[in-house]
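Read the structure below first, then the notes.
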Amino acid sequence: MLGAIVGDIVGSRFELNNYRYKDFELFAEGCHVTDDSVMTLAVAKAIMETRRSAEPSVSGHDFNGDYQQLLSELAVRYMQGIGRKYPNCGYSRPSSRWIFNDNPQPYNSLGNGAAMRISPAGFAARTVSEAISLSRAVTAITHNHEEGIKGAEATAVAIFLARHGCLKSEIRDRISEDYYPLDFTIDEIRPTYKFSGTCPETVPQAIECFLESGSFEDAIRTAISLGGDSDTIGAIAGAIAEAYYGVPDDIRDRALTYLDDQLRAIYGEWEEFVGKDSFRFKVLTKYIDEFAADSPYGTWLRGGENEWSFVGYDRLVIKFEDEFDQFAESHPEYQLTSYGEILDRNGLKWDNAQMRKATTDNLDAQCVLALIMGAIRAERFCNGALLEFFNDGYILKWLKRLREIDCQATPKKFSEI
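Start counting the sequence shown at 8; every next residue gets the next number (the working numbering).
Shown next, in the form of structure tokens:
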């Protein structure tokens, strides 16, 4: 959800003054919280209160009509109650009328307001079907047009898949098959892309911004550079990017300064509800199943007059290296450029034998990440060094340790499910 808030704030100053490049200051004069963040926090509040009230009576993951009805009722209550405290935050006319109406009814909207506020559903869900159920329950109270429901659902599903370790290719396939054809690139459409407030003309574009990104920050910059409804496209892309990459601490801390005490309190409650650091390494641990398969990680290639040799790595290994480098860049708090010093502090050396002897059971995340970084960097000095770490099972072992750390950090109410 924080990713949506970041995208909203960063995009707020560009909504009516599009800037179609990536070289801008993220937080600058003119940035502010809009209805995207206010309504997102209201939906989060409704989901939390519904879970607390109804969870004991719900069996398994299939929510009955009573549960969905309660969620819809609480979504109306909190969207109106919280929304009325921020009358000038940028509501559309239909939204404003709904928020201040004593008898609010859905107004058959296909607007992108359905998608910009939906991220809490994707983060709170424990299955894809639950993400869909939560999405529909909080969307149909206003945006009951089929395209409004579709846009919110596609966003919630993309967030859920990203949060639970799916590859970008898998997310792309799911969205393309079930929701929108993603048969374009941002560079192709940027020159002619125009402002639109509808789901069909913003949601697929925002999802593509995420899919083409190399980090959380890059997803935000790509979304803003597209133009159009910048704060909403930023909110949608930012929410999916958070689920996939996480939000760097410096960006998180700066964004939260834009929330007043009430909104900050709701976010703090949400952070405790879902767990601030839960699944922070999923962008890396999603490779565990594929690395556990029997396919080769790479092949030695030899030839030439001087019998040169080098390893041709499998495309999955190359993709993992790229994502690991992106993770290291996006999370400076782990200081992975100093991987040798990190290993030293843990009684290890940047040495093939020493790294292999490391008992991972009690190592913290930073040290495990340093081991992986050390293995990747070893390839620069010794052809095939990384291949040996893969073939002998050490990369897989270290990734499994990261997953253990993630599970230990996950709130009990989720880990027991």
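We treat Cβ as the ideally placed atom computed from N, Cα and C, and that holds for glycine.
Counting only unbroken stretches of 4 or more residues, the alpha helix (DSSP H) elements lying wholly within the region 317–395 are 322–337, 346–352, 359–364 and 372–385, in sequence order.
At the C-beta level, leucine 291 and leucine 117 stay beyond 8 Å of one another. For the pair of segments examined, the region 255–270 was found to touch the region 35–52: the number of CB pairs separated by less than 8 Å reaches three. Put simply, of Arg124, Val210 and Phe217 the residue whose alpha carbon is nearest the alpha carbon of alanine 53 is Arg124.
The beta-carbon distance between threonine 239 and threonine 209, rounded to whole angstroms, is 6 Å. This is short enough to meet the 8 Å contact definition. In this structure alanine 226 is not in contact with alanine 242, their Cβ atoms being roughly 11 Å apart against a cut-off of 8 Å.
Looking from the CA of proline 113, the closest CA among Arg363, Ser237, Ala230 and Ala82 belongs to Ala82. Here DSSP, grouped into helix, strand and coil, assigns threonine 239 to helix. Counting only runs that start and end inside the region 48–136, the alpha helix (DSSP H) elements of at least 4 residues fall at 72–90, 100–106, 120–123 and 126–131. Taking C-alpha positions only, valine 13 is separated from isoleucine 258 by approximately 8 Å.
For proline 211, the enclosing alpha helix (DSSP H) has its first and last residue at 210–218. In summary, cysteine 389 is exposed, with fewer than 16 beta-carbon neighbours lying within 10 Å of its beta-carbon over all protein chains present.
In this chain, the alpha helix (DSSP H) harbouring leucine 168 covers 153–170. Out of Cys96, Gln75, Gly88 and Leu78, the CA that lies nearest to the CA of tyrosine 265 is found in Cys96.
Our two residues, valine 281 and valine 318, have alpha carbons roughly 42 Å apart in a direct line.
A distance below 6 Å between beta-carbons, with the five flanking residues on each side excluded, links threonine 306 to the following residues of its chain, in chain order: Gly319. For the pair threonine 146 and isoleucine 156, the CB atoms are nearer than the 8 Å cut-off. Beta-bridge partners assigned by DSSP to threonine 199: none are found.
Looking from the CA of alanine 365, the closest CA among Leu355, Leu394 and Asp321 belongs to Leu355. Here the region 55–62 does not lie against the region 291–300, with fewer than 3 beta-carbon pairs under 8 Å apart.
The beta carbon of glycine 391 lies closer than 6 Å to those of Val318 in the same chain, with the five residues before and after it left out. Boundaries of the alpha helix (DSSP H) around threonine 292: 289–292. Excluding its 5 nearest sequence neighbours in each direction, alanine 169 has C-beta neighbours in its own chain below 7 Å: Ile178, Ile247, Ala250 and Tyr251, listed in chain order. Taking a C-beta distance under 8 Å as the contact criterion, aspartate 15 and valine 50 do not qualify as a contact pair.
In this structure, the straight-line span from the alpha carbon of proline 303 to that of phenylalanine 334 is close to 24 Å. Leucine 308 sits in a strand when the DSSP states are folded into three classes. Here threonine 205 is bridged, per DSSP, to Gly118. Collapsing the DSSP output to three states places threonine 229 in a helix. Its chain contains Glu340 as the residues whose beta carbon lies nearer than 7 Å to that of aspartate 256, once the 5 sequence neighbours on both sides are disregarded; these appear in chain order.
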